[in-house]
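Single-structure report; data block below.
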Amino acid sequence: MKIPVPDYIESIRPYMPGKPVQEVERELGIKNALKLASNESPLGPSPRAMEAVREYVDQLHVYPEGGGYYLCQALSRKYGVPAKNIILGNGSMEIIEIASRTFLSPDTRSVFSAGSFALYPITCRIVNAKVTAVPMVERNHDLDALLRAIDDKTRLVLIDNPINPTGRYVPLREVEAFMEKVPETALVVLDEAYKEFVRKEDYGSALSLMDRFPNLMVLGTFSKAYGLAGLRIGYGFGHPDVIGIMHKARSPFNTNAVAQIAATAALDDDAFVKRYVELNEKEVAFLNEGCRKMGLEVTPSVANFIFMDVPMDGVEFFQKLMREGVIVRPMKGNGYPNSLRVNTHFREGDERFLAATAKVLGR
Ligand SMILES: *Cc1c(COP(=O)(O)O)cnc(C)c1O
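My numbering puts the sequence shown at residues 922 to 1284.
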């Protein structure tokens, strides 16, 4: 290619998605591969969402409602937030991208925890902003250290809570104390992609703090608990001024009509989410227990996956598991050379994963 590319783009290490089942099956000549690599729902999509999509197909020639009016109304009702405080994204990942386009420039800084969501460094580097990755403590956010890293050029602070990939979380009162000290010139994004799964008394969505902190943004997604990852739809809550300026930096039809329709229908499907959350709680415990019995260390996770350490190179372990037909996610690229992230499935799938792990370990 003869087209010159800026160094800051050239040097980006791309986000590595989980391997698709079909590809693995073709490569290895196997059938019935089990994918536990992308935190997808074993229950499939919310049935209400599927029904809504079926009913919508004869409208595909119509442009989507640009701002996602009906979905914003539905989110507004469910969360008790005015619609002007809501922005939608093509996945919540896109909202992070919009925030970085809106608030970052080459002379400003973004701050996040090293080894948290792999997308954070990428979205900030695309706009050539300065990046400070703050070390974690015990695989959890070190809020004091994050605070120390925030300077007067910091415009964006990205915090996943719970954390992907470690599964750890920060209690709401610590988030609150943190917000009290963050300068108002930095937008703090609390990325709560797994909030529905957390069953801890001291955990809470930072949405409850939004009235007090105009520089707080809270993200949610339909990709995890609602089983709609393929549709790409997420939402952000923030101060109307923040949301208003971000609308300028997004493309006009950034979320598609089918996703809007499906998400609106899924949002009322509390029974579906409840079923998944209850299944997940049992299966996280089952997987953790199974791993510990084999002498593997697991980080306590409150999300829909476990995070485990293996006594060899994580990528090698991942490849060996793949030959057994089980696809998990090695986390070497995120700074965890011996760790794997494995999402929960039905009991049968989780048993299959444990059996494959035992085989790889030679037990
Ligand atoms: C899965 C995940 C998301 C959700 O991304 P979507 O773009 O909504 O699919 C966001 N943040 C974190 C930390 C995640 O793990």
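Glycine included, each C-beta is placed from N, C-alpha and C at the ideal position.
Query: Taking 7 angstroms as the cut-off, is the CB of ALA1150 close to at least one heavy atom of ligand 1?; Result: yes
Query: Consult DSSP for ASN1061 and reduce its assignment to one of helix, strand or coil.; Result: strand
Query: Taking C-alpha atoms, which residue in PRO941, GLY939, PRO938 and PHE1158 lies nearest to SER1126?; Result: PHE1158
Query: Shortest alpha-carbon distance to GLU1269 belongs to which of SER962, LYS1241, PRO1042 and GLU1204?; Result: GLU1204
Query: Inspect the beta-carbon positions of ARG1273 and PHE1228 and report whether they are closer than 8 angstroms.; Result: no
Query: Would you check if there are 3 or more beta carbon pairs closer than 8 angstroms linking the stretch 1037-1053 to the stretch 1062-1081?; Result: yes
Query: Hey, is the stretch 1144-1156 in contact with the stretch 1000-1010, meaning 3+ C-beta pairs nearer than 8 angstroms?; Result: yes
Query: Compare the Cα-Cα distances from LEU907 to each of ARG1133, ILE1248, GLU1122 and THR1278 and report the closest residue.; Result: Since the first and last residues shown for the chain are 922 and 1284, residue 907 lies out of range.
Query: Shortest alpha-carbon distance to ASP1191 belongs to which of GLN1181, ALA970, GLY1235 and ALA1279?; Result: ALA970
Query: For TYR984, which residues from the same chain have a beta carbon less than 7 angstroms from its beta carbon, with the 5 sequence-adjacent residues on both sides left out?; Result: PHE1174
Query: Is the Cβ-Cβ distance between LYS1121 and VAL1223 less than 8 angstroms?; Result: yes
Query: Measuring from the CB of MET1233, is there a heavy atom of ligand 1 at a distance below 7 angstroms?; Result: no
Query: What are the start and end residues of each continuous alpha helix (DSSP H) run of 4 or more residues lying completely inside the stretch 932-985, in chain order?; Result: 942-949 and 968-977
Query: Would you say TYR937 touches ligand 1, meaning its beta carbon is less than 7 angstroms from a heavy atom?; Result: The sequence shown places Met at residue 937, not Tyr. No - ligand 1 has no heavy atom lying nearer than 7 angstroms to the Cβ of MET937.
Query: For the alpha helix (DSSP H) that LYS1051 lies in, which residues bound it at each end?; Result: LYS1051 -> not in any alpha helix (DSSP H); beta strand (DSSP E) instead, spanning 1051-1055.
Query: Quick check: is any heavy atom of ligand 1 less than 7 angstroms from the C-beta of ALA970?; Result: no
Query: May I ask you to verify whether the stretch 1160-1180 touches the stretch 972-990, counting CB pairs closer than 8 angstroms and requiring at least 3?; Result: yes
Query: What does the alpha-carbon distance come out to for the pair SER1026 and LYS1051?; Result: 8 angstroms
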